[in-house]
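See structure below.
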Amino acid sequence: GDHQAHIRHVHVGTMCRCASGILPTIGPIVTDEARDTQILQPPSLATGMHAKHFIQHPSATGCSCMKDTNLRVPYASTTTDLFLKKMKLHECPHVFPAKYEWENMPDLGVEETLPLFLGVQSYESPLSLNGTLHNWLDHDLFRRINARDVFVQLNHRSLMDDRIMFDFHDHMAKMQRQSPITILGSDSSSNLHPGRTISNMCRRAESHPDSHPNGENLLLFLEKDWNLYNGANDVPSKGQSLERLFRGINALAQRGVPYIRLKRKSKEVSKSKTWPCPSQGFPFECTTAHQHRWTNQPMVVSCKWFLRYLEPFALLDDPIMYGCREGFQENRYCDWEEALQDGRIAWVNSQWVVANVITGNHRVFFHQEVDQ
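Per the working numbering, the sequence shown starts with residue 624, numbered consecutively.
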């Protein structure tokens, strides 16, 4: 048909499923091995204006089912589904030869790599920003998470901010770890609240050459003082744990979880209101927006979800949205976090799924303020 000239090749892996209470673990795909699924999905308003041709790749390590040894915080999810409880295969006899077996079904709902952008916001904190950028570079963060661009929002941008960014570019070049960086914030008067910053970064991601054609971009959003842990058993330093974490995030974001926090769940959330939601072998703990408040702590958000549901609130410029802290009313500044927590933004009456990194040896970011 007419869509043949506008085909997008969608690369997917292989499904990995395990019985109830056992953790399914699967490694990255093998890019140089591929199977043509011969599935050609026509374009639509729901799936994008390109036809999608699905290409399946095997996993480098295959699918493994790990028994849960952490009894205090179970990593693996349980289910009452009769099939998954027993995981006993029942296949009817095929009249025609089958191309697939149960063990190698393609994971058609999860593109292997959604474009990920990193966004950082700083307000009059050049020293904290400088320390954080160097901490990230020391851990080779930009390359390890395959950040397509790094957006730096400089609120009340200063000459010191510009000097730090110039020196950081120079330092990256010397270390041969160069990464694209886009500096935002035009002058000393610019001061975007986090909601406007996230929406602006997501829109910039859409216009980026590496954007997902349907806008299915991910944004790792961080304030300027979140450093990566350095401990030998922490996620940034332990083998391929950081890469595993972001593979899990990539899949979670395509399985109904638009807001993924890189911190443990808030202490006021009852254990009875959460459930294990592991992804690609990495342990997460899920709940709903109704149970877990929004925070500006390290997060990955689905840009498509944020622009659809939360950007309109970020654009609402009315005194009802201005914060109560000193100077917020006079400067017409929205306390985004507070507005999401007190009901001015439709969060507490929503049922979006919220994922949190499980505690234990899964620490990722810690707070390191220098300027104050």
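Here a beta-carbon is modelled for each residue, glycine too, at the ideal position from N, C-alpha and C.
Note that the structure is a prediction, hence the values are computed from the model and not measured.
Going by C-alpha to C-alpha distance, which of Glu934, Leu663, Tyr723, Asn954 sits closest to Pro817? Glu934
Whole-angstrom distance between Asn856 and Met672, CA atom to CA atom: 45 angstroms
Go to Pro871, then tell me how far its alpha helix (DSSP H) extends in each direction, as first and last residue. Here residue 871 is Gly; the residue named in the question, Pro, does not match the sequence. Unbroken alpha helix (DSSP H) run through Gly871: 864-875.
Mind checking Trp725: buried by the 16 CB within 10 Å criterion, or exposed? exposed
I need the DSSP call for Cys957, collapsed to helix, strand or coil. strand
Please classify Asn769: is it buried, with 16 or more other beta-carbons within 10 angstroms of its beta-carbon, or exposed? exposed
DSSP on His634, reduced to helix/strand/coil? strand
Mind checking whether Gln914 and Lys886 have CB atoms under 7 angstroms apart? no
Beta-carbon within less than 7 angstroms of Trp975's beta-carbon, same chain only, minus the 5 sequence neighbours each way: which residues are those? Pro881, Tyr882, Thr911, Ala912
By DSSP's criteria, Leu807 is part of a beta bridge. Which residues make up the other side? Gln776
Can you look up Lys690 in the DSSP assignment and give me helix, strand or coil? strand
Sufficient close CB pairs (3 or more, under 8 angstroms) joining the segment 836-853 to the segment 953-970: no
Comparing the C-beta of Met795 with each C-beta of chain D, is any distance below 7 angstroms? As a matter of chain content, chain D is missing from the structure shown, which is built from one protein chain.
Could you please give me the residues that DSSP links to Gly742 through a beta bridge? Phe774, Phe844
Helix, strand or coil for Gly854, going by three-state DSSP, please let me know. coil
Which class does His626 belong to by DSSP, given the choice of helix, strand or coil? Interpretation of His626 is limited by its pLDDT of 45, a score under 50 that renders its predicted location unreliable; the figure taken from the coordinates is listed afterwards. If DSSP states are grouped into helix, strand and coil, His626 belongs with the helices.
Same chain only: Cβ atoms within 7 angstroms of Met824, ignoring 5 sequence neighbours per side: Phe740, Gly742, Phe774, Leu842
DSSP three-state label for Asn823, please. helix
To the nearest angstrom, how far is the alpha carbon of Phe907 from that of Asn840? 21 angstroms
Where does Ser813 sit, in a helix, a strand or coil, going by DSSP? coil
Does the segment 642-658 come close enough to the segment 889-904 to have 3 or more Cβ pairs within less than 8 angstroms? yes
Is Ser809 buried or exposed, if buried means 16 or more other CB atoms sit within 10 Å of its CB? exposed
Restricting to Cα atoms, I'd like to know which of Gln664, Asp848, Pro832 is closest to Pro738. Pro832
Where does Thr897 fall in DSSP's three states? coil
Cα separation between Ser811 and His680? 49 angstroms
Close-in-space but distant-in-sequence residues of the same chain around Arg867 (CB under 8 angstroms, 5 per side omitted): Gln903, Gly904, Phe905
Secondary structure at Trp759, three-state DSSP: helix, strand or coil? helix
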